[in-house]
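Protein chains in written order, with my numbering: chain A, 413 to 774; chain B, -19 to 67.
One structure is given below, encoded as structure tokens.
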């Protein structure tokens, strides 16, 4: 097994699509939470192959897109300091702040470096004891174990020049927010496979029960996605609302216990502001007080920022599944990946970037 | 962001206090932290995200899912072919 090619077999995908077509009897709205799934759906044209009764709406599972403008602006101020090496996942570099992005900070002389893993940022901190190394710790539950481990490593090495700018977000509170909105149209969910790899899916039955929505843990290959949709459609057609796992080769009910232990050691729940959506109670993780010395917001107190969003960008409505990218007047004209107005046009997981890249007009 | 790529563990070692490994992604070799998969051994497949192994892949589950999907798919492809032959 290679665990990739088997899940891209066209005949197999076609057969599952035919089963979906045979099963469905009425329109259903299904949300894929994760932006990685949105891109896979567009890349393989699955949305064009599904029966017209299925409407896929794209969820907020794009950490780059939902990191608040305030935090981006703070990052830009910190990254501009001459004593700082600012490290980040590559996706964040072009995310527009109020008046610039990290690429333009770098062009103006700021030391901004892309890292593959937060452990690379730790290495940079060790190699540059005379500089303050800041890591932009963004991400959902999937990324939290890595970011948390970097804090534990900094603590065990006694690094005084490493800190993290934390913008962690969690999926279940976002699902509550979407489902309890008066505008909600979502009738079933494809849960994010790699978030569940870390956290398991034991938190989801309560959500499925409370809002009477089926939730199917789903992977990222074309076959995984059509399987997730088929299982959701089966439930919707039969009037069931259960939690099912379409990604059992990777995801278990309880998730990765050692990873959860480290997350719980380093982080605690906090309210978190989501870009374009607003504050969702208990939807984030921030550093526990015993690790506050590694908090970049404490180390570099900033008060002078005045965050202001683009007046045209409708990223917030897109992230909530209320609008599609082509409904935005700036889409593909004023707003393109090279000159994005909103974060959804930047990230490799953003819905606008996916529509733009794969030429979707409707 | 949450993309994680399956790869095969080809070497395991300790760096400082961390369990690390070399992972083969279809020919490209990269280092990853194996701290969250303490049971990992050389030859296991794992999914890697930002340099960390998130879990080991379960081959039995993988085979079982593929078998089920193949059954559904074969049945539907047969049905489609039959309908096409009849029309």
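Idealized CB from N, CA, C, for every residue including glycine.
Selected residue, minimal CA-CA separation from residue 499/A, among 685/A, 571/A, 536/A, 469/A:
Position 87 of the first chain, counted from the start, is the residue given in the question as residue 499/A. Considering only alpha carbons, the answer is 536/A.
Out of 554/A, 519/A, 628/A, which has the shortest C-alpha to C-alpha gap to residue 611/A?
Residue mapping note: residue 611/A aligns to position 199 of the first chain, counting from 1. Residue 611/A has its Cα closest to that of 554/A, out of 554/A, 519/A, 628/A.
Buried or exposed by the 16-neighbour rule on C-beta atoms within 10 Å, applied to residue 653/A:
One-based indexing of the first chain puts residue 653/A at position 241. Counting Cβ neighbours within 10 Å, residue 653/A comes out buried, since at least 16 surround it.
Have a look at residue 607/A and residue 28/B and give me their C-alpha separation to the nearest angstrom.
The sequence position of residue 607/A within the first chain is 195, counting from 1. The sequence position of residue 28/B within the second chain is 48, counting from 1. Computed Cα separation, rounded: 13 angstroms.
Do you know offhand how far residue 556/A's Cα is from residue 493/A's?
Counting from one through the first chain, the residue named residue 556/A turns up at place 144. Counting from one through the first chain, the residue named residue 493/A turns up at place 81. C-alpha separation (whole angstroms): 26 angstroms.
Determine, using beta carbons only, whether residue 33/B and residue 17/B come nearer to each other than 7 angstroms.
Numbered from 1 along the second chain, position 53 holds the residue referred to as residue 33/B. Numbered from 1 along the second chain, position 37 holds the residue referred to as residue 17/B. Cβ distance < 7 angstroms, so residue 33/B and residue 17/B count as in contact.
Between the Cα of residue 47/B and the Cα atoms of 661/A, 685/A, 719/A, which residue gives the shortest distance?
The count along the second chain starts at 1 and reaches residue 47/B at position 67. The shortest C-alpha separation from residue 47/B is found at 661/A.
Interface partners of residue 68/B on chain A, CB under 7 angstroms
The structure shown does not extend to residue 68/B, since chain B is modelled only from -19 to 67, so the question has no answer here.
Since residue 427/A meets chain B, which of its residues come closer than 7 angstroms, beta carbon to beta carbon?
Along the first chain, read from residue 1 onward, the residue named residue 427/A stands at position 15. The answer, in chain order, is 52, 53, 54, 56, 57.
First through last residue of the beta strand (DSSP E) which encompasses residue 672/A
Position 260 of the first chain, counted from the first residue, corresponds to residue 672/A. Premise fails: residue 672/A lies in the alpha helix (DSSP H), 669 to 678, not in any beta strand (DSSP E).
Please list the partners that residue 31/B has in chain A, where partner means a Cβ-to-Cβ separation under 7 angstroms.
The residue given as residue 31/B occupies position 51 in the second chain. Neighbours of residue 31/B in chain A, taken as residues at a C-beta separation under 7 angstroms, are given in chain order as 528, 529, 531, 558.
Classify residue 477/A as helix, strand or coil using the three-state DSSP reduction.
To locate residue 477/A, count along the first chain from 1; it is residue 65. Here residue 477/A sits in helix by DSSP.
Can residue 42/B be considered in contact with the ligand COA, in the sense that its beta carbon sits closer than 6 angstroms to one or more heavy atoms?
The model depicted lacks the ligand COA and carries no ligand whatsoever.
Do residue 737/A and residue 763/A have their CB atoms nearer than 7 angstroms?
The residue labelled residue 737/A in the question sits at position 325 within the first chain. The residue labelled residue 763/A in the question sits at position 351 within the first chain. Cβ distance < 7 angstroms, so residue 737/A and residue 763/A count as in contact.
Mind checking residue -12/B: buried by the 16 CB within 10 Å criterion, or exposed?
Taking the first residue of the second chain as position 1, residue -12/B is located at position 8. Residue -12/B comes out buried.
Within this structure, are the beta carbons of residue 550/A and residue 475/A separated by less than 7 angstroms?
By one-based count along the first chain, residue 550/A stands at place 138. By one-based count along the first chain, residue 475/A stands at place 63. The answer is yes: Cβ separation under 7 angstroms.
Counting only beta-carbon separations shorter than 7 angstroms, does residue 606/A have a partner in chain B?
Here residue 606/A refers to the residue found at position 194 of the first chain. Residue 606/A counts as touching chain B.
Expressed to the nearest angstrom, what Euclidean distance is found between the alpha-carbon atoms of residue -14/B and residue 26/B?
Walking along the second chain from the start, residue -14/B turns up at place 6. Walking along the second chain from the start, residue 26/B turns up at place 46. C-alpha separation (whole angstroms): 5 angstroms.
Are there three or more Cβ pairs, one per stretch, closer than 8 angstroms when the stretch 434 to 442 of chain A is compared with the stretch 640 to 655 of chain A?
Touching, yes.
Opening and closing residue of the alpha helix (DSSP H) in which residue 586/A lies
Working through the first chain from its first residue, we reach residue 586/A at position 174. Per DSSP, residue 586/A belongs to the alpha helix (DSSP H) from 583 to 592.
Looking at the secondary structure, which residues open and close the beta strand (DSSP E) in which residue 454/A lies?
Locating residue 454/A in the first chain gives position 42, where the first residue counts as 1. From DSSP, residue 454/A is part of no beta strand (DSSP E) but of the alpha helix (DSSP H) over 447 to 455.
Quick check: is the beta carbon of residue 469/A nearer than 7 angstroms to any beta carbon in chain B?
Residue numbering aside, residue 469/A sits at position 57 when the first chain is read from its first letter. With 7 angstroms as the cut-off, residue 469/A does not count as an interface residue toward chain B.
Whole angstroms are fine: how far does the CA of residue 697/A sit from the CA of residue 675/A?
Position 263 of the first chain, counting from 1, holds the residue named residue 675/A. Position 285 of the first chain, counting from 1, holds the residue named residue 697/A. C-alpha separation (whole angstroms): 9 angstroms.
Under 7 angstroms between C-beta atoms of residue 517/A and residue 505/A:
Translated into the one-based positions of the first chain, residue 517/A becomes position 105. Translated into the one-based positions of the first chain, residue 505/A becomes position 93. Their beta carbons are not under 7 angstroms apart, which means residue 517/A does not touch residue 505/A by this criterion.
Proximal residues of chain A, C-beta to C-beta of residue 63/B below 9 angstroms:
Walking along the second chain from the start, residue 63/B turns up at place 83. Near residue 63/B there are no residues of chain A at all, since even the closest Cβ is about 10 angstroms away, more than 9 angstroms.
Please state whether DSSP places residue -12/B in a helix, a strand or coil.
Numbered from its first residue, the second chain carries residue -12/B at position 8. Under the three-state reduction of DSSP, residue -12/B is assigned to strand.
Any idea what DSSP makes of residue 497/A, helix, strand or coil?
Here residue 497/A refers to the residue found at position 85 of the first chain. Here residue 497/A sits in strand by DSSP.
Beta carbon of residue 373/A nearer than 7 angstroms to that of residue 552/A
Outside the displayed span of chain A (413 to 774) sits residue 373/A, for which this structure offers no information.
Does residue 418/A get closer than 7 angstroms to chain B when you measure Cβ to Cβ?
The residue you call residue 418/A lines up with position 6 of the first chain. It does: the Cβ of residue 418/A has a partner Cβ on chain B nearer than 7 angstroms.
Using alpha carbons as the reference points, say which of 455/A, 450/A, 417/A lies closest to residue 791/A.
Missing from the structure shown is residue 791/A; chain A here goes from 413 to 774 and no further.
Is residue 458/A close to chain B, meaning its C-beta is less than 7 angstroms from at least one C-beta of that chain?
For this step, residue 458/A is matched to residue 46 along the first chain. Not an interface residue.
Could you check if residue 21/B is buried or exposed, using at least 16 other CB atoms within 10 Å of its CB as the buried criterion?
Within the second chain, numbered from 1, the residue matching residue 21/B stands at position 41. By the neighbour-count rule (16 or more Cβ atoms within 10 Å), residue 21/B is not buried but exposed.
Short of 7 angstroms in beta carbon distance, which residues of its chain neighbour residue 485/A, apart from the five on each side in sequence? Order them along the chain.
Start at 1 with the first residue of the first chain, and residue 485/A comes out as number 73. 509, 510, 717, 719.
Can you find at least 3 beta carbon pairs, one from the stretch 566 to 574 of chain A and one from the stretch 612 to 631 of chain A, that sit closer than 8 angstroms?
no
Return no unless some Cβ of chain A is closer than 7 angstroms to the Cβ of residue 74/B.
Any question about residue 74/B goes unanswered here, given that chain B covers just -19 to 67.
Under the rule that 16 or more other beta-carbon atoms within 10 Å means buried, what is residue 669/A, buried or exposed?
The residue you call residue 669/A lines up with position 257 of the first chain. Label assigned to residue 669/A: exposed.
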